[in-house]
Amino acid sequence: MAVSSAPWALVALFLMASSTVMAIPPRKAIDVPFGRNYVPTWAFDHQKQLNGGSELQLILDKYTGTGFQSKGSYLFGHFSMHIKLPAGDTAGVVTAFYLSSTNNEHDEIDFEFLGNRTGQPAILQTNVFTGGKGNREQRIYLWFDPSKAYHTYSILWNLYQIVFFVDNIPIRVFKNAKDLGVRFPFNQPMKLYSSLWNADDWATRGGLEKTNWANAPFIASYRGFHIDGCQASVEAKYCATQGRMWWDQNEFRDLDAEQYRRLKWVRMKWTIYNYCTDRTRFPVMPAECKRDRDV
Numbered sequence: 000m001a002v003s004s005a006p007w008a009l010v011a012l013f014l015m016a017s018s019t020v021m022a023i024p025p026r027k028a029i030d031v032p033f034g035r036n037y038v039p040t041w042a043f044d045h046q047k048q049l050n051g052g053s054e055l056q057l058i059l060d061k062y063t064g065t066g067f068q069s070k071g072s073y074l075f076g077h078f079s080m081h082i083k084l085p086a087g088d089t090a091g092v093v094t095a096f097y098l099s100s101t102n103n104e105h106d107e108i109d110f111e112f113l114g115n116r117t118g119q120p121a122i123l124q125t126n127v128f129t130g131g132k133g134n135r136e137q138r139i140y141l142w143f144d145p146s147k148a149y150h151t152y153s154i155l156w157n158l159y160q161i162v163f164f165v166d167n168i169p170i171r172v173f174k175n176a177k178d179l180g181v182r183f184p185f186n187q188p189m190k191l192y193s194s195l196w197n198a199d200d201w202a203t204r205g206g207l208e209k210t211n212w213a214n215a216p217f218i219a220s221y222r223g224f225h226i227d228g229c230q231a232s233v234e235a236k237y238c239a240t241q242g243r244m245w246w247d248q249n250e251f252r253d254l255d256a257e258q259y260r261r262l263k264w265v266r267m268k269w270t271i272y273n274y275c276t277d278r279t280r281f282p283v284m285p286a287e288c289k290r291d292r293d294v
């Protein structure tokens, strides 16, 4: 689906109009220092904490990328990060924010930001792995320049749905379709991760566009570091919140009408790839796409 050519002014008008009838957003994230919930995992010398740890920079050069992970593992919750992506010609560069379990048949919930040549919009790819199986990619163009300022990227995950949000606008929903034989992440605790690395073998135009190291270092900046989840040990099989957490309540088992309207806007105006409509890879529409009209 082609990206809309609507000018930014029209986008702003849409968002202003949408705010007149508010959907039920996730509870407001609480910004905390990096060290409250996260630790560095590799290439420590390519990370820089600023403002007393309230801001973190990841630095990618031709020698290495870098990353960090949450201290705890979680089963369900609301997870949010303010991110400012690397600027300029970022072809081949990937910035990721995701949940992942650690065993072979792992579950994973991904935000992946794929860099692009100067003047081309950044691409946001989302994916959901269940039982070690992914192949559920969706890609959108963002309706703003994600390198100019911080924007908020959030995941709401409960027994009923996984919702990806950009600035509280739902861009994707993956419903629990276990009754259709589709596995859903529900019994494997996951840690949160973020990383910045070179992926020019696939990230930009299928690997045709290579990273231009003359533009290095590439810097991704982070704030917020919000985690509101059910913490569990890596051996845990179930996190018995039993409706006690806000994200377990009835109003978060589905989107409301306004949220679906915003999701439709994203699908119609900004989606450039959806596995649900890829008949080359999936001659028969996947069961979860057909039932949930994820097109």
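In numbering that gives the first Met the number 0, the protein residues as written are 0 to 294. Quick reminder that beta carbons are idealized off the backbone N, C-alpha and C, glycines included.
Review point. Quick one, are the C-beta atoms of R261 and I168 less than 8 Å apart?
Key: In contact: R261 and I168 (Cβ atoms closer than 8 Å).
Exercise for review: Classify E107 as helix, strand or coil using the three-state DSSP reduction.
Suggested key: Assigned with DSSP and collapsed to three states, E107 falls in strand.
Review point. So with Cβ pairs under 8 Å, would you call C288 a contact of chain B?
Key: Looking for chain B here will not work: only one protein chain is present.
Check your understanding: How do the stretch 247-256 and the stretch 111-126 stand: do at least 3 beta-carbon pairs fall below 8 Å, yes or no?
Key -> Verdict: no, contact absent.
Review point. Should the stretch 133-152 be called in touch with the stretch 82-98, which here means at least 3 C-beta pairs below 8 Å?
Key: Remark: three or more beta-carbon pairs, one from each stretch, lie closer than 8 Å, so the stretch 133-152 and the stretch 82-98 are flagged as touching.
Review point. Within this structure, are the beta carbons of Q46 and T65 separated by less than 8 Å?
Key: With contacts defined as CB atoms closer than 8 Å, Q46 and T65 qualify as a contacting pair.
Check your understanding: Quick one: Cα of N175 to Cα of F281, how far?
Key -> Going by the C-alpha atoms only, they are around 20 Å apart.
**Study point:** Nearest-angstrom beta carbon gap, D199 and A90 [assumed within contact, 8 Å]
**Key:** Confirmed, Cβ separation roughly 7 Å.
Check your understanding: From this set, N103, P120, M244, W246, which residue's C-alpha is nearest R204's C-alpha?
Key -> Of the listed residues, the one whose Cα sits closest to R204 is P120.
Check your understanding: Where DSSP assigns a beta bridge to L55, which residues make up the other side?
Key -> According to DSSP, which records beta bridges pairwise, L55 is partnered with Q48, Y221.
Exercise for review: Return the chain-ordered list of same chain residues with a C-beta closer than 8 Å to the C-beta of I58, the five sequence neighbours on each side being excluded.
Suggested key: Contacts found: H45, Q46, K47, T65, L195, P216, F217, I218.
Point to revise | Per-residue burial, N103 [other beta carbons within 10 Å of its own, 16 or more giving buried] | key: Exposed, since its Cβ has fewer than 16 Cβ neighbours within 10 Å.
Review point. Given that a residue counts as buried once 16 or more other Cβ atoms are within 10 Å of its Cβ, and exposed if not, what is L49?
Key: Exposed, by the Cβ-count rule.
Review point. Between F67 and V38, which are expected to be in contact by the criterion C-beta below 8 Å, what is the C-beta distance as a whole number of angstroms?
Key: The Cβ separation is near 6 Å, so the contact holds.
Exercise for review: Report the residue ranges of all beta strand (DSSP E) runs contained in full by the stretch 152-233; include only those spanning at least 3 residues, in chain order.
Suggested key: Here the runs fully enclosed are 160-165, 168-174, 190-197, 217-231.
Check your understanding: Cβ atoms of A286 and G206: under 8 Å apart, would you say?
Key -> It is not a contact, given that the beta carbons lie outside the stated cut-off.
**Study point:** Spatial distance of L113 from A202 (CA atoms)
**Key:** Distance from the CA of L113 to the CA of A202, rounded to the nearest whole angstrom, comes to 6 Å.
Check your understanding: Would you call I108 buried or exposed, if buried means 16 or more other Cβ atoms sit within 10 Å of its Cβ?
Key -> Buried, since its Cβ has 16 or more Cβ neighbours within 10 Å.
**Study point:** Which listed residue (W212, Q230, H225) has its alpha carbon closest to that of I82
**Key:** Comparing Cα positions, the closest option is H225.
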